[in-house]
Amino acid sequence: QSVLTQPPSVSAAPGQKVTISCSGSSSNIGNNYVSWYQQLPGTAPKLLIYENNKRPSGIPDRFSGSKSGTSATLGITGLQTGDEADYYCGTWDRSLRGWLFGGGTKLTVL
Amino acid sequence: QVQLVESGGNVVQPGRSLRLSCAASGFTFSNYGMQWVRQAPGKGLEWVAVISYDGSDKYYVDSVKGRFTISRDNSKNTLYLQMNSLRAEDTAMYYCARDHAFGYGYYFDYWGQGALVTVSS
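Below is the structure:
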């Protein structure tokens with residue numbers, strides 16, 4: 029069981045919006061930046077969001093991130109079938125002195 | 168362009184050793200913290216180890232402490248993961264990833280394609 033808690037799966041229709049939550053504690057999310065990663069089937073993870081809400085070059089603005097207290101949220105609007113993937117949140121934990129990933133959320137675009 | 172290329176993955180018997188390498192190019196390797204992340208078949212991502220840009224700081228996930236060693240050779244632009252006393256539960260795809268300039272624990276902006284390690288008798 030991961031220290032960072034994500035829903036195992038979410039689903040929505042094409043064109044709709046979905047949010048994925050990531051819950052932690054004061055030793056991790058509460059005092060550190062959160063990043064989000066997309067892993068398409070059979071490929072390496074890809075950075076989607078860094079420093080809570082910033083998008084790397086090339087990531088469309090359909091993807092957004094936010095953080096409040098000890099929780100973070102990834103939002104995806106205008107869902108496309110190509111967005112079907114596993115999504116992971118991640119952050120540093122100052123108590124564990126290590127990086128944490130959430131358990132991952134499988135997005136299905138119906 | 169930034170490239171990270173892992174090598175050294177193989178099938179190995181329990182209790183044996185293996186060393187993974189990650190060759191970096193397209194950026195000033197000696198300026199960046201680097202990470203190893205693994206993913207067991209059908210499972211989620213698991214962080215393994217981090218090393219600071221100059222090699223002075225190293226941290227590991229509890230399950231590999233005392234068995235795995237992360238290191239780097241900045242003159243060769245290469246990151247390493249020495250894995251000893253391998254167990255079946257170490258079977259995974261191992262990714263190297265770039266962390267922050269002159270820091271670590273921020274985010275991983277570039278990833279390699281992965282090296283597959285299978286521990287089996």
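Order-wise, the sequence lines are chains A and B. In the working numbering, each number is its position in the first sequence, counted from 1, plus 28. In the working numbering, each number is its position in the second sequence, counted from 1, plus 167. Yeah, the Cβ is synthetic: ideal placement off N, Cα and C, and Gly gets one too.
Nearest-angstrom Cα separation, counted from B/S252 out to A/V38:
39 Å
Check the Cβ of A/R125 against every Cβ in chain B and list those closer than 8 Å, keeping chain order.
Y226
Cross-strand partners of A/Q66 (DSSP beta bridge)
A/K74 and A/Y115
Sequence-distant residues of its chain with Cβ nearer than 6 Å to A/K95 (five each side left out)
V62 and N80
Delimiting residues of the beta strand (DSSP E) encompassing A/G93:
F91 to S96
For B/T258, which residues of its own chain have a beta-carbon under 8 Å away from its beta-carbon, when the five flanking residues on both sides are left out?
A207, P208, V284, T285, V286 and S287
Would you tell me roughly how many angstroms separate the C-alpha atoms of A/T47 and B/L212, rounded to the nearest one?
20 Å
Can you name the residues of chain A whose CB is closer than 8 Å to the CB of B/E213?
F129
If you draw a straight line from the alpha carbon of B/F194 to that of B/F235, how long is it in whole angstroms?
26 Å
Which same chain residues end up closer than 8 Å to A/S55 when comparing Cβ atoms and leaving out the 5 residues on each side of it in sequence?
D121, R122, S123 and L124
Bounding residues of the beta strand (DSSP E) (the contiguous stretch that carries B/E213):
L212 to I218
Give a yes or no on contact between the segment 265–273 of chain B and the segment 218–227 of chain B, applying the rule of three or more CB pairs nearer than 8 Å.
yes
Are the C-beta of B/G193 and some C-beta of chain A separated by less than 8 Å?
no
If we define contact as Cβ-Cβ less than 8 Å, is B/G272 a contact residue for chain A?
yes
Cut-off 7 Å between Cβ atoms - residues of its own chain near B/Y277, not counting five sequence neighbours on either side
V169, L171, A264 and R265
Between the alpha carbons of B/G182 and B/R254, how many angstroms are there, rounded?
6 Å
Taking the alpha-carbon of B/G175 as reference, which of B/Y273, B/G272, B/Y227 and B/L246 has the nearest alpha-carbon?
B/L246
Using a beta-carbon distance below 8 Å, is A/L76 in contact with chain B?
no
Does B/F275 get closer than 8 Å to chain A when you measure Cβ to Cβ?
yes
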